[in-house]
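S.K.: Numbering (the numbering used here), first residue to last: 511 to 746.
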Amino acid sequence: MWRFIWSSCGCAALLTLAIAVPALAQEHTGMTAARWQRDLAFVERELPKVHPNAFSRRSREEFASDLAELRTNLPALAPHQIMFALARIVANLQDGHTRLSLPVAPGLEFFQGHANTPPPLDPTLVLTALPIRLALLSDGLFVERVDAKHRAVAGARVVGIGRLGADEAVRAVTPFLEHDNDMGIKALLPSRLVLPALLHAAGVAPRYDEVQMAFETTNAQRVELTLWPQPLRPGS
511 MWRFIWSSCG CAALLTLAIA VPALAQEHTG MTAARWQRDL AFVERELPKV HPNAFSRRSR
571 EEFASDLAEL RTNLPALAPH QIMFALARIV ANLQDGHTRL SLPVAPGLEF FQGHANTPPP
631 LDPTLVLTAL PIRLALLSDG LFVERVDAKH RAVAGARVVG IGRLGADEAV RAVTPFLEHD
691 NDMGIKALLP SRLVLPALLH AAGVAPRYDE VQMAFETTNA QRVELTLWPQ PLRPGS
């Protein structure tokens, strides 16, 4: 039986499965530094209470130091960067069942675990995806599905994302993924590599609302596209 812990702001933490901080359910007026500080304090206080062995791979002192650094950097970060910085801190615990629950737009078909995360009141924190789906295979990163407008890259190898090569982009995004081992990372990477906000927060893309990608098609042609977040329509 799972046990929930609630903060005064209505934030739920699920034992060894998910943490949803109140930052993701605030007023439409946006987050203030004080609200973010309360969220970080909540995670620092409550995560060790609901996780039976939170610091088996990363020490409590390192966890506290990571949060302290984020507190210091808050004024220089956009909301999505703060959200993903906190996701990275939780992922650093290296427990595949403990994560920051991210608010993804409905219909993205991305595995979010077994926790039911309510949508945020601030719609700007809802994560959208590029109109492309990827597959990480033994010989590289490939396009599994794509919208009709970009069908020329269906089945193509991804060779570049944002300002980085594909392999470099994978390495940049990996620290943000909750995981126990390499298999957990490989399972999550394809869905995370199409989230523009994450790609920006990880330093892969220079913007959070568009991403340049480069492909090598099945006939060895290089194709470069600029993609914007939008639904991947059924039948694509």
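For glycine and all other residues, C-beta sits at the position ideal for the given N, C-alpha and C.
1. Below 6 Å CB to CB, which residues in the same chain sit around Phe573 once its five sequence neighbours on both sides are set aside?
2. Determine the DSSP secondary structure at Gly713, reduced to helix, strand or coil.
3. Answer yes if the region 720-732 comes into contact with the region 658-674, meaning at least three C-beta pairs across the two stretches below 8 Å, and no otherwise.
4. Out of Ala543, Ser575 and Leu647, which has the shortest C-alpha to C-alpha gap to Ala588?
5. Using 8 Å as the threshold, is the region 710-718 in touch with the region 682-700, meaning 3 or more CB pairs across them?
6. Name the two residues that bound the continuous alpha helix (DSSP H) containing Gln547.
7. Would DSSP call Val704 helix, strand or coil?
8. Are at least three pairs of beta-carbons, each pair with one atom in the region 628-648 and one in the region 690-707, less than 8 Å apart?
9. Starting from Gln722, trace the beta strand (DSSP E) both ways and give me its first and last residue.
10. Within 10 Å of its beta-carbon, does Asp692 have 16 or more other beta-carbons around it, so buried, or fewer, so exposed?
11. Could you please give the first and the last residue of the uninterrupted beta strand (DSSP E) stretch that includes Val656?
M.R.: Quick answer:
1. Excluding positions up to five away in sequence, the list is empty.
2. Coil at Gly713, not helix or strand.
3. The region 658-674 vs the region 720-732: in contact.
4. It is Ala543.
5. The count of Cβ pairs closer than 8 Å, one atom from the region 710-718 and one from the region 682-700, reaches three, so the stretches are in contact.
6. Here the alpha helix (DSSP H) through Gln547 covers Ala543 to Val560.
7. Three-state DSSP puts Val704 in coil, outside helix and strand.
8. Here the region 628-648 lies against the region 690-707, with 3 or more beta-carbon pairs under 8 Å apart.
9. According to the DSSP assignment, Gln722 belongs to the beta strand (DSSP E) that extends over Val721 to Glu726.
10. With a 10 Å radius around the Cβ and a threshold of 16 neighbouring Cβ atoms, Asp692 comes out exposed.
11. It spans Gly650 to Val656 - the beta strand (DSSP E) in which Val656 sits, taken as one unbroken run.
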